[in-house]
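**Q** Let me give you the structure first, and then I'll get to my questions.
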């Protein structure tokens, strides 16, 4: 740990947006009211897979109060080009097709048409009056089913990409890739023990409290104005512009406060539709999804089928590992299987590895990112097998992990060689934690551990800082605030400027008012936007030194800044005092910066969990839960702890509660929060946290990004704890009472 | 939600007069915890909503000559806090505390608990009370059914959602119902019915009747308890419930009432298990045996076999809980 001392970093100031949030004054997208506002509603497919024969909108249009109806036919012809809107290269037809179906519907809940009316109720009624003639087609709902030769095809033109090459094979497998390291056969031959296991994980939803919403006004000057709930206003701008064939400068997106995203509010669903409706009516149009629409029409995480094989020497050293990962992309290619492959063995230094990944389309909603997307599925499998190896070899599960732990210089099968990482430090902290050594007595109780990894993202961020005459500064940024990022970004500027966090006023602005900034996602905001704030603050200091030099008749190079004061021989002036004298020394000072950082630092997180299983009902209760994570540098420890607790809670939901119940026809049965059974505060234990700090050498303050790795280990740790409690290995998520009862029955 | 007319009557008589002669014309609003979501999802689209929360005749918990009277709009929280109920009816308190969260207990009413619609997701997604598709095919047996009945009756595969039904039946309670031609009293088990049509209801009320009171006989000397097997602690319904009431003679059971909840379209009276206990001293083994007997005749669907096991456990644990309870 660094011995450098900070004034602001590592403290716990009150968040800047706190008062507005707790008093209910914060403005969310659904709060928007404006003169002439119309309300939109979306008609969604009742079929999981069907050809659209015809759409007749005349009855809907005839209903009093209806102002416009749109379908995919209203999109401008933009052809089938390939675009990169921040999530890799994708055919534009896929992005557009998911927003409004054209030709075929590919999942139940797929948007088909939309209505704008004078009230939400009239809009909903009108949507139900749209007559769509469907030709239902057989559907496929799981990866193994969809991969089978002769399976019904979602996209007749989808040709499998294999090992980076385009093939001519038409199938539901969008891509098959392989990462290899060393000699797998030799590695398994050297092993004293080889275990191979298969795992299934369910489709689960991020479950953000605020449903998606968008308001659009196609203004008379031709500019399109959008207000919405998004993790990335610039992604909304660029995607909407692309789909509607507009120059990006014609679209202005204002991100409203966001009630959770977890990756699910990166894709665009409603904005281009509201825009089309606004264009037709000349009035602003607001669309707000219901919870059912959120479940059925937006992107959950991929369900997956995973096969893991690990070989180890008698002393515990891993000699080889193999993984097959088949992830369900949903209706369009893009399951996060690449990320699954990057993380599946990320915690270990293994000389011989092969990882095969399959990106498979199925008739379910098009999946989206969900907190360390792809990694939780993979870690559930790997960490369960590692636990089983520890048991077979009679080793402490943490000692086994430490023996094989990845460290600086370890090369992963996907090619990356680690810089400084905190895998060993997290494992050592787990081992040293009082929880790990605490006695756990009583029948049907068990303790489990697991570790997880997320690589985090860099990407561009922009920031400006204006100095106010009262000694405060206003910080303008383009990052939607999730989890307190206004404050964690402001604190980094405050540290540089030698002022309290409360003297920095952070503002999240629209796409016209700040330079390009990538999404709040990949745990990148405190890292990258924080870095932009650091650089903008340095720019402020440089200009302020010039002003001090001017006051004192010196060269700027003669002025130092230390402890919140500008100093030169015989002179001293505080930041606030100098801020009051800007007008007389040349006018306002505005610092600015854009960054596109490379020094991203991945984060490891581990958890220790004690459970008690009721062997007569299959119900698992969590008795104690500890989350331990490498934050690099914890800018605001409370928000780091909040992320660790939040990720743990979602991980517990994956483990014990959540899944899409799909009928054979692809209809989701539990599409309400009541039936979906996400855990609530009343269902959860207190979650203890311990922050480990192994500073990231790639960031000025050592920040790694902490939003995601914490969700990765809980399902595996809980599975391992259940095994120690009742002796059954759970290889299917969730480990809900019915599923656990099945395994208990098999055992007895 | 569809637009509706809102009525706020001052007397019970006025309220009854505002109800329609067929289902769908008017809905009764008390706590609103079920009705509002039904209306939001267009499952109920009443032309008129009649608020009964303010009716004095429907309020309060009072002692009567033979037991206790609970007004229909008394909230779960009032029940849980009532010394009159806590002292004699642990099975009711346990059932009420199972209704979580606290916010729901503050709003939800006992009358609403008995009259709430079922939670079958086919019903909630617009396939009617019995969950049938356009061709009249029952969807639960051929689709996702892990929370459905293990004691289906006829075409009814949903489970009664009521938390208070099982303990009230076990305790021999009655409900009072007001209609246009006066009021009537029926045993609680007669309130629950198996609907025979896809538009039918789960209770034997007429569209223009209001459940006004619950009348519970004294439970002095009756050991009673409710045990719910739950997946979640909050904002969820039990997977299986058993409520028991044991009239004791010394250390042996003189007579037992055992009622199962959330396993059939109405609460299920486990008569075989009741008979098993009569005249015997209750031991853990006998309680387990009663659990086994209680599920005789269960007909689980493709995905809910586990509920049979949960029901056995619920019966066993409710009986053991009752033996701990004050007589």
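Residue numbers (this note's numbering), protein chains in the order written: chain U, 10 to 757; chain D, 61 to 387.
Glycine included, every Cβ here is placed at the ideal spot set by N, Cα and C.
Out of 595/U, 469/U, 496/U, which has the shortest C-alpha to C-alpha gap to residue 525/U?
**A** Checked all of 595/U, 469/U, 496/U; the closest Cα to residue 525/U is 469/U.
**Q** Counting Cβ pairs closer than 8 Å, one from the segment 94 to 114 of chain U and one from the segment 290 to 298 of chain U, do we hit at least three?
**A** Contact between the segment 94 to 114 of chain U and the segment 290 to 298 of chain U is absent, because fewer than three Cβ pairs lie under 8 Å.
**Q** Quick one: give me the first and last residue of the beta strand (DSSP E) that residue 283/D is part of.
**A** Counting along the chain, the beta strand (DSSP E) containing residue 283/D begins and ends at 282 to 289.
**Q** Is there a Cβ from chain U that is less than 9 Å from the Cβ of residue 61/D?
**A** Chain U contact via Cβ: present.
**Q** Locate the beta strand (DSSP E) running through residue 634/U, then write down its first and last residues.
**A** Element bounds for residue 634/U: 628 to 639.
**Q** In chain U, which residues lie less than 8 Å from residue 295/D when you measure between Cβ atoms?
**A** Those are 682, 683, 689, 691, listed as they occur along chain U.
**Q** Just checking residue 519/U against the ligand ZN - is the residue's beta carbon closer than 8 Å to any of the ligand's heavy atoms?
**A** Ligands in the displayed structure: none, and consequently the ligand ZN is not present.
**Q** Strictly under 9 Å for the Cβ-Cβ distance: is residue 679/U near chain D by that measure?
**A** Closer than 9 Å to some Cβ of chain D, the Cβ of residue 679/U qualifies, so yes.
**Q** Distance check for residue 19/U and residue 12/U, CA to CA, integer angstroms please.
**A** Because the pLDDT of residue 12/U is 49, which lies under 50, any placement of that residue in the model is unreliable, and the question is left without a value.
**Q** Against residue 72/D, what residues of chain U qualify as contacts under a CB-to-CB distance less than 8 Å, listed in chain order?
**A** Within 8 Å Cβ-Cβ: nothing; residue 72/D doesn't reach chain U, min ~32 Å.
**Q** Hey, is residue 774/U's beta-carbon within less than 9 Å of any beta-carbon in chain D?
**A** The question about residue 774/U has no answer here: the residues shown for chain U are numbered 10 through 757.
**Q** Using the beta-carbon count (16 or more within 10 Å), is residue 615/U buried or exposed?
**A** By the 10 Å Cβ count, residue 615/U comes out buried.
**Q** Measuring CB to CB, does residue 337/U end up less than 9 Å from residue 212/U?
**A** Yes, Cβ-Cβ distance for residue 337/U and residue 212/U is below 9 Å.
**Q** Between the segment 115 to 131 of chain U and chain D, which residues of the former have CB atoms less than 8 Å from a CB of the latter, in chain order?
**A** Within the segment 115 to 131 of chain U, the qualifying residues are 130.
**Q** May I ask you to report which of helix, strand or coil DSSP gives residue 247/D?
**A** If DSSP states are grouped into helix, strand and coil, residue 247/D belongs with the strands.
**Q** Quick one: what does DSSP say residue 387/D is sitting in, helix, strand or coil?
**A** Because the pLDDT at residue 387/D is just 48, under 50, the model does not fix this residue reliably, and the value given afterwards should be weighed accordingly. Residue 387/D: coil per DSSP, three-state reduction.
**Q** Just the chain U side, please: which residues come within less than 8 Å of residue 206/D by C-beta, in chain order?
**A** Within chain U, the residues near residue 206/D are 670, 747.
**Q** Under DSSP, the alpha helix (DSSP H) around residue 398/U begins and ends at which residues?
**A** It spans 384 to 402 - the alpha helix (DSSP H) in which residue 398/U sits, taken as one unbroken run.
**Q** Could you tell me whether the segment 676 to 686 of chain U touches the segment 597 to 605 of chain U, using the rule of 3 or more Cβ pairs below 8 Å?
**A** Cβ pair count under 8 Å is below three, so no.
**Q** Residues in the same chain with beta-carbon distance under 6 Å from residue 728/U, minus the five sequence neighbours each way, listed in chain order, please.
**A** So the qualifying residues of the chain are 393, 739.
**Q** What three-state label does DSSP hand residue 437/U in the structure shown?
**A** Residue 437/U falls in the helix class under three-state DSSP.
**Q** Using the Cα positions of residue 315/U and residue 90/U, report the straight-line distance between them to the nearest angstrom.
**A** Each residue's Cα considered, the two are about 33 Å apart.
**Q** Do the segment 354 to 373 of chain D and the segment 741 to 754 of chain U make contact, defined as three or more Cβ pairs closer than 8 Å?
**A** Touching, per the Cβ criterion.
**Q** On the DSSP bridge list, what partners appear for residue 184/U?
**A** Residue 184/U is bridged to 170/U, 368/U.
**Q** List the residues of chain D whose Cβ lies closer than 9 Å to the Cβ of residue 750/U, in chain order.
**A** Correct list: 365, 366, 369, 370.
**Q** Report yes or no: is there a C-beta of chain U within less than 9 Å of the C-beta of residue 161/D?
**A** So, interface residue.
**Q** Check this for me: beta carbons of residue 153/D and residue 91/D, under 9 Å apart or not?
**A** For residue 153/D and residue 91/D, no; Cβs fall outside 9 Å.
**Q** Could you check where the alpha helix (DSSP H) with residue 600/U kicks off and where it finishes?
**A** Counting along the chain, residue 600/U falls outside any alpha helix (DSSP H), though it belongs to the beta strand (DSSP E) covering 599 to 604.
**Q** List the DSSP bridge partners of residue 316/U.
**A** BP columns for residue 316/U point to 207/U, 333/U.
**Q** Kindly list the residues whose CB is nearer than 7 Å to the CB of residue 646/U, restricted to its own chain and excluding five residues on each side of it in sequence; keep chain order.
**A** 19, 21, 700, listed in sequence order.
**Q** Got a sec: which bits of the segment 624 to 642 of chain U sit with their beta carbon under 8 Å from any beta carbon on chain D, in order along the chain?
**A** Correct list: 625, 626, 627, 628.
**Q** At a CB distance below 8 Å, what residues from the segment 302 to 325 of chain D approach chain U? Give them in sequence order.
**A** For the segment 302 to 325 of chain D, which is checked against every Cβ of chain U, not one residue is closer than 8 Å.
**Q** Are the C-beta of residue 666/U and some C-beta of chain D separated by less than 9 Å?
**A** Yes, contact with chain D.
**Q** Figure out for me which residue from 108/D, 208/D, 274/D, 159/D has the closest Cα to the Cα of residue 78/D.
**A** Comparing Cα positions, the closest option is 108/D.
**Q** Rounded to whole angstroms, what is the Cα-Cα separation between residue 211/D and residue 323/D?
**A** When rounded, the distance between both Cα atoms is 6 Å.
**Q** Could you list which residues in chain U have their beta carbon closer than 8 Å to that of residue 291/D, in chain order?
**A** Correct list: 628, 666, 686, 745, 746.
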